[in-house]
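J.: Note that UniProt numbering gives residue 19 to position 19 of the sequence shown, counting from 1, and the numbers run on in steps of one. Ideal placement from N, C-alpha and C gives every residue a C-beta, glycine not left out.
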Amino acid sequence: MTDISSSEAAAYGSRLKNQTVVLTGAASGIGREVAIRFGSFGANLVLGDLNEDGLRKVSKEVEQAGGKSVWSICDVTKWEDQVELFKLGFKTFGSINVVLPNAGVTELAEFKEEDSQGEPLPPNLKTLEINLHAPLYSSSLAFHYFARQPVSTASLRSLVITGSMASLFGTRPEAVQYSASKAGVLGLMNGMKERSETEKVRLGLICPYYVQTPLLPTDFKPQVGNFSKIQDVVSAFLHASTHPDPKTSASLYTIPDERGVFMIKQREQIPAGLAQRWSAKKAAKSRL
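Have a look at this one:
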């Protein structure tokens, strides 16, 4: 596990200049801060969210920071909306270089509900649709557009997903779908590793603890520890998107509290490390 300072996170930020970044959940919270920070390095931001007023404001803030931006109203659970968002970015700027599926929600429904007769009702799956299905849509579109441009050291090909500390440890007992969705995006990243290596795509998963954003009630307090700092989360996105070393691809960036960012490389992740060693042993045996 490696401690990533803010200066280390920004060391390769210049690689974002003139690169096109598709960002969902861009109108507030983490998305807003990421958009402005990436814009400060001269990136082209393609902003998606349901909050039109927020999008207009963030778009101006990106341009004031030194970047360019376009935006579109986007319901991330609708494939067609995401297709249009990516098309807008590609048509406007000529490439898609970084994709940040960031839109997310907390638990939106009860795990177990009954009607007035005491009969079980089907779960409302909106939390899963936003937190897991939508990043899968974004990831599919990312690989589609990355394949349309040549591999070059001058051009980024990065897909960095917003996870959570719940991706690793679960969360409160009333947040069943949230836990499932955040564990799911870890599985999504793991499932894309081999493809990403073949197609030269950089992966990352950002795993903050609770962050003070509009998603949380103003009086909310963590059960254990302290809030993660939103600027540390932004630093994690920056490092995950721009670092040039392939050995840091598919890393987990944990922000467990106010202490900062800790990067867990692929080989340091216990299941991944075991799988890699097992695959290497199997390959060695097959050569005997």
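1. What does the alpha-carbon distance come out to for the pair S235 and G29?
2. Could you give the DSSP three-state label for M263: helix, strand or coil?
3. What do you get for L121, buried or exposed, if any count of 16 or more other CB atoms within 10 angstroms of its CB means buried?
4. Which word fits H239, buried or exposed, when buried means at least 16 other C-beta atoms lie within 10 angstroms of its C-beta?
5. Can you list, in chain order, the residues of its chain whose CB lies under 8 Å from that of A175, leaving out five sequence neighbours each side?
6. Using 8 Å as the threshold, is the stretch 17-34 in touch with the stretch 43-54, meaning 3 or more CB pairs across them?
7. Examine the ligand NAP and report whether any of its heavy atoms sits within less than 8 Å of the Cβ of H144.
8. In three-state DSSP terms, what is V185?
9. Go ahead and label M1 buried or exposed: buried means 16 or more other beta carbons lie within 10 angstroms of its beta carbon, across all protein chains shown.
10. Using 9 Å as the limit for Cβ to Cβ distance, is S40 near chain C?
11. Rounded to a whole number of angstroms, what is the C-alpha to C-alpha distance between Q177 and T162?
12. DSSP beta-bridge partners for V160?
13. Can you tell me whether E33 is buried or exposed, with buried defined as 16 or more other CB within 10 angstroms of its CB?
14. Note down the Cα distance separating F146 from E114, rounded to an integer number of angstroms.
15. Just the C-alpha distance for L50 and A26, rounded to the nearest angstrom, thanks.
16. Below 8 Å on the Cβ atoms is my contact criterion, and I expect T242 with G13 to pass it. Report the Cβ-Cβ distance as a whole number of Å.
17. If you drop the 5 nearest sequence neighbours on each side, which residues of the same chain put their C-beta closer than 8 Å to that of R287?
18. Nearest to residue 291 by alpha carbon, out of A9, F169, D53 and S152?
19. Nearest-angstrom Cα distance between D3 and S138?
20. Measuring alpha carbon to alpha carbon, tell me which residue in K68, P246 and E129 is nearest T153.
21. Assign P120 to one of three DSSP states: helix, strand, or coil.
22. Going straight from the alpha carbon of R90 to that of R148, what length do you get?
23. I'd like the span of the beta strand (DSSP E) that includes I255, first residue to last.
24. Let me know the beta strand (DSSP E) ranges lying completely inside the stretch 93-151, each 3 residues or longer, listed in chain order.
25. Name, in chain order, the residues that DSSP records as bridge partners for L88.
26. Looking only at its chain, what residues have a beta carbon closer than 7 Å to the beta carbon of K182, apart from the 5 residues adjacent to it on each side?
27. Using a Cβ-Cβ cut-off of 7 Å (strictly less than) and excluding sequence neighbours within five positions of M189, which residues of its own chain qualify?
28. Leaving out five residues on either side along the sequence, give the residues of the same chain with a beta carbon under 7 Å from the beta carbon of F38.
T.: Quick look at the numbers:
1. On the sequence shown, position 235 is the one that residue 235 refers to. On the sequence shown, position 29 is the one that residue 29 refers to. Between S235 and G29, the C-alpha separation is close to 14 Å.
2. Taking the first residue of the sequence shown as position 1, residue 263 is located at position 263. Secondary structure of M263 (DSSP, three-state): strand.
3. Numbered from its first residue, the sequence shown carries residue 121 at position 121. The residue in question, L121, is exposed, as its Cβ has fewer than 16 Cβ neighbours within 10 Å.
4. Position 239 of the sequence shown, counted from the first residue, corresponds to residue 239. H239 comes out buried.
5. Position 175 of the sequence shown, counted from the first residue, corresponds to residue 175. For A175, the CB contacts under 8 Å within the same chain, skipping 5 residues up- and downstream, are T106, E107 and A166 in chain order.
6. yes
7. Only the bare structure without any ligand can be found here, which leaves the ligand NAP out of the picture.
8. The sequence position of residue 185 within the sequence shown is 185, counting from 1. Note: V185 maps to helix in three-state DSSP.
9. Position 1 of the sequence shown, counted from the start, is the residue given in the question as residue 1. By the 10 Å Cβ count, M1 comes out exposed.
10. Protein chains in the displayed structure number just one, and chain C is not present.
11. To locate residue 177, count along the sequence shown from 1; it is residue 177. To locate residue 162, count along the sequence shown from 1; it is residue 162. If I take the Cα positions, the gap works out to 16 Å.
12. Taking the first residue of the sequence shown as position 1, residue 160 is located at position 160. Bridge partners of V160 according to DSSP: G204.
13. Residue 33 sits at position 33 when you count from the first residue of the sequence shown. With 16 or more Cβ atoms within 10 Å of its Cβ, E33 is classed as buried.
14. Stepping through the sequence shown from its first residue, residue 146 is reached at position 146. Stepping through the sequence shown from its first residue, residue 114 is reached at position 114. Their backbone Cα atoms lie some 46 Å apart in a straight line.
15. Locating residue 50 in the sequence shown gives position 50, counting from the first residue. Locating residue 26 in the sequence shown gives position 26, counting from the first residue. The alpha-carbon atoms of L50 and A26 are separated by roughly 9 Å.
16. Position 242 of the sequence shown, counted from the start, is the residue given in the question as residue 242. Position 13 of the sequence shown, counted from the start, is the residue given in the question as residue 13. Contact holds; Cβ gap of about 6 Å.
17. The sequence position of residue 287 within the sequence shown is 287, counting from 1. Confidence at R287 is low in this model, with a pLDDT of 46, below 50, so the placement of that residue is unreliable and no value is reported for it.
18. The first residue shown for the chain is 1 and the last is 288, placing residue 291 beyond what the model contains.
19. Position 3 of the sequence shown, counting from 1, holds the residue named residue 3. Position 138 of the sequence shown, counting from 1, holds the residue named residue 138. One C-alpha to the other measures close to 29 Å.
20. Indexing the sequence shown from 1 puts residue 153 at position 153. It is P246.
21. As a working mapping, residue 120 is identified with position 120 in the sequence shown. DSSP, read as helix, strand or coil, puts P120 in strand.
22. Here residue 90 is taken as the residue at index 90 of the sequence shown, counted from 1. Here residue 148 is taken as the residue at index 148 of the sequence shown, counted from 1. A small fix is needed here, since residue 90 is Phe in this sequence, not Arg. About 10 Å.
23. Taking the first residue of the sequence shown as position 1, residue 255 is located at position 255. Looking at the DSSP string, the run of the beta strand (DSSP E) that includes I255 is S251 to I255.
24. 98-100
25. If you number the sequence shown from 1, residue 88 lands on position 88. Partner(s): none; L88 has no beta bridge.
26. Working through the sequence shown from its first residue, we reach residue 182 at position 182. Around K182: N131, G163, S164, A166 and S167.
27. Taking the first residue of the sequence shown as 1, we reach residue 189 at position 189. For M189, where only same-chain residues beyond five positions count, the Cβ hits under 7 Å are I161, L203, L205 and A250.
28. Numbered from its first residue, the sequence shown carries residue 38 at position 38. Taken in chain order, the residues that qualify are L16, V21, L45 and G67.
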